[in-house]
Amino acid sequence: MLQLNFIRENKDTTLAGLRKKHFANAETVVDQVLMLDQQRRDTQRELDDVLSQSNAKAGQIGALMKAGNKAAVETAKAETADLKSRSKELADALRQVEADLQAILVTIPNLPHSSVPEGRNAEDNEVILEHGEKPTLYDKAQPHWELIKKYDIIDFELGVKIAGAGFPVYKGKGARIQRAMINFFLDEATKAGYIEVQPPIVVNEDSGFGTGQLPDKEGQMYYIAEEKLYLIPTAEVPITNMYRDVILPENQLPIKHVGYTPCFRREAGSWGAHVRGLNRLHQFDKVELVRIEKPENSYAALEEMSLHVQSLLQKLGLPYRVLRLCGGDMGFTSALTYDMEVWSAAQQRWLEVSSVSNFETYQANRLKLRSKIEGKMQLMHTLNGSALALPRILASILENNQTPEGIQIPKILVPYCGFDVID
RNA sequence: AGAGAGAUGGCAGAGCGGUCGAAUGCGUCGGUCUUGAAAACCGAAGACUGUCACAGGUCCGGGGGUUCGAAUCCCUCUCUCUCUGCCA
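Counting from 1083, one number per residue, gives the positions in the first sequence under this note's numbering.
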């Protein structure tokens, strides 16, 4: 959520940012916010005044009671009736204005960082670097959805039987390589100073709101009505929410966490050739990094996270590229996002395997995540990034490393897997 | 699932109609002492809103009510804990 003070004092910057993000009716919405804010402050001032008077009266009555002056007490009591009804009216009005204001504020996305390129959709994203050689495959090379059948390592039909489409069953070496990747990613993060956590994979409504999934992405999460819990779409939600309503002592910053969880996404409205095989699933595994930083350090932290993710891809020997997302393609809550994509040789396309973002104070404002620095209470910056999401990494390994003799496992994973080829 | 207890400041825990934004202890931060530290002693610290700054206002789980006045009384919701049951 954007901070009201900021909008009030930086209307033009706010508008420019919202336009870059292609937020509809920016001008109207911002004017509406400023109008309601003014109304809110006027109402509050008036209410405060009335309350102040009635507090004073109550004090006087207390004193008169003590003095035993019954007649004076009755007179004074009579005088409070008017104040009482007035304060009730004003309190109701204030509540209404605040609710209206809040309802609009939660629909306004974060403002993009100045380095975010203009653009409407994925085609306008800026490729900032490309790394590694795209492999040349042999004649009979196949896409990963054929390979997994050939080697019997993932069974989609079985998943359909048990749960539904998009819930694969990993078998044999398929299951073992999943476990190997998770351990490898966690170990690498630990070496880089991230503290591992195992959070719940369901979250309540407050948590969904805190990181911005609610109300924006309500339809994308599985919901357990009986318990009012959401299955997490990413570990970002439970891990970041560990710090909801927290005032962090300055000496505990920065916070660096890594966590492995399954992730659940309804992916309502997604279908077609591009979602075949492992390209898009309802349940998948991901290792996630979450950081809480002082504002002045957050962009350095973002670069560090980007380099960490890249180091993983390099160790796996996968060709990748890094994109800086344009205003129109960025997430609702993000100020700057880098996407990492690996080359999927048989499909001849790039697959997103990581998204690393700085949310600045946008989530912190919802979370009320603060720290007192030099005597001043301030919102901290939150960041997160996948390191990494498994399915598309696996797709890429299967496709890029296929040979007539089988699929070569990246050397770095061999100690984790216990085998070096899938055949 | 059944029965009971509870929800107060960073934590623990008093208060049960006005003098309470709230005792006390621990923790935190400053100071004295010390070569330094510990101990001891002295002192200072809540959050939000609002103002140029004061003032003012709000907050004792959430919501509602009684009262001139509510942390304290009533209603209601949510959550937590303990015991019993079930179960990895």
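For every residue, glycine included, the Cβ atom is placed at its ideal position computed from N, Cα and C.
Flag this pair as yes or no: are the beta carbons of residue i and residue j separated by less than 8 Å?
| i | j | result |
| --- | --- | --- |
| N1509 | A1417 | The structure shown has nothing for residue 1509, since the chain only spans 1083 to 1505. |
| D1206 | C1345 | no |
| L1321 | G1290 | One detail in the question is off: residue 1321 reads as Ile in this sequence, not Leu. Against a cut-off of 8 Å, the Cβ pair of G1290 and I1321 comes out as no contact. |
| A1317 | K1273 | no |
| E1487 | D1505 | yes |
| A1108 | L1097 | yes |
| F1414 | D1502 | no |
| E1308 | I1455 | no |
| T1162 | S1136 | yes |
| K1310 | N1286 | yes |
| V1279 | H1339 | yes |
| L1176 | Q1114 | no |
| H1463 | E1386 | no |
| A1469 | E1370 | yes |
| A1154 | L1146 | yes |
| S1453 | L1268 | no |
| Q1484 | L1219 | yes |
| L1461 | L1451 | yes |
| L1100 | L1193 | yes |
On the three-state DSSP scale, how would you describe residue i?
| i | result |
| --- | --- |
| M1412 | coil |
| M1303 | coil |
| I1453 | Checking the sequence, you will find Ser at residue 1453 rather than Ile. Reduced to three states, the DSSP call for S1453 is strand. |
| V1115 | helix |
| V1198 | coil |
| R1326 | coil |
| V1132 | helix |
| V1424 | strand |
| R1090 | helix |
| K1148 | helix |
| R1123 | helix |
| N1207 | coil |
| L1193 | coil |
| N1482 | helix |
| T1267 | Checking the displayed sequence, the identity of residue 1267 turns out to be Phe instead of Thr. The answer is helix: DSSP assigns F1267 an H, G or I state. |
| P1473 | helix |
| L1394 | helix |
| R1168 | helix |
| N1440 | strand |
| D1221 | coil |
| G1292 | helix |
| H1463 | strand |
| H1104 | coil |
| Q1490 | strand |
Using only alpha-carbon positions, find the residue among the options that is nearest to residue i.
| i | options | result |
| --- | --- | --- |
| I1494 | Q1396, Q1184, A1247 | Q1396 |
| P1199 | L1193, E1208, P1191 | E1208 |
| T1293 | L1084, I1504, D1505 | L1084 |
| L1029 | N1107, D1174, A1153, A1108 | Past the edges of the chain, shown from 1083 to 1505, lies residue 1029, and the structure says nothing about it. |
| L1296 | Q1445, V1155, W1425, I1236 | Q1445 |
| L1118 | E1180, I1143, L1165 | E1180 |
| L1398 | L1211, R1326, Y1420, E1270 | E1270 |
| L1070 | L1400, G1467, T1415 | An answer regarding residue 1070 cannot be provided, because it is not within the stretch 1083 to 1505 covered by the chain. |
| G1359 | E1091, K1103, E1278, A1247 | A1247 |
| P1315 | E1308, E1300, E1309 | E1300 |
| I1259 | P1473, Q1484, R1177 | P1473 |
| P1191 | A1428, A1469, L1211, H1104 | H1104 |
| R1090 | Y1312, K1166, G1150, Q1120 | Q1120 |
| A1245 | R1348, R1122, L1335, F1266 | R1348 |
| T1095 | Q1114, A1185, H1195, Q1142 | H1195 |
| S1167 | F1266, V1132, L1465, I1329 | V1132 |
| A1223 | S1426, I1186, A1149 | S1426 |
| G1377 | L1389, S1393, E1442 | As written in the sequence, residue 1377 is Pro, which differs from the Gly given in the question. Of the listed residues, the one whose Cα sits closest to P1377 is E1442. |
| K1102 | L1165, N1151, G1201, P1281 | G1201 |
| Q1302 | K1148, L1363, L1086 | L1363 |
| L1165 | V1319, S1393, S1134 | S1134 |
Check the C-beta distance from residue i over to residue j and give it rounded, since I have them as a contact under 8 Å.
| i | j | result |
| --- | --- | --- |
| C1499 | I1491 | 6 Å |
| D1411 | N1203 | 6 Å |
| V1112 | K1093 | 6 Å |
| P1250 | D1237 | 7 Å |
| I1283 | T1343 | 5 Å |
| E1423 | V1438 | About 12 Å; that fails the 8 Å criterion. |
| L1449 | Y1325 | 6 Å |
| N1361 | L1433 | 7 Å |
| F1366 | A1471 | 6 Å |
| L1183 | R1122 | 6 Å |
| K1255 | I1277 | In fact, because the Cβ distance is near 31 Å, the residues do not count as touching under 8 Å. |
Compute the minimum distance between the beta carbon of residue i and the heavy atoms of the ligand FAD, and state whether it is under 7 Å.
| i | result |
| --- | --- |
| K1103 | Within the structure as shown, the ligand FAD is missing, as the structure has no ligands at all. |
(message) I want to know whether the stretch 1148 to 1168 touches the stretch 1210 to 1218 - three or more CB-CB distances under 8 Å.
(response) Under the 8 Å Cβ criterion, the stretch 1148 to 1168 does not count as touching the stretch 1210 to 1218, having fewer than three qualifying pairs.
(request) Could you say if the stretch 1229 to 1245 and the stretch 1474 to 1484 meet the contact criterion of at least three C-beta pairs nearer than 8 Å? (result) By the criterion of at least three beta-carbon pairs nearer than 8 Å, the stretch 1229 to 1245 is in contact with the stretch 1474 to 1484.
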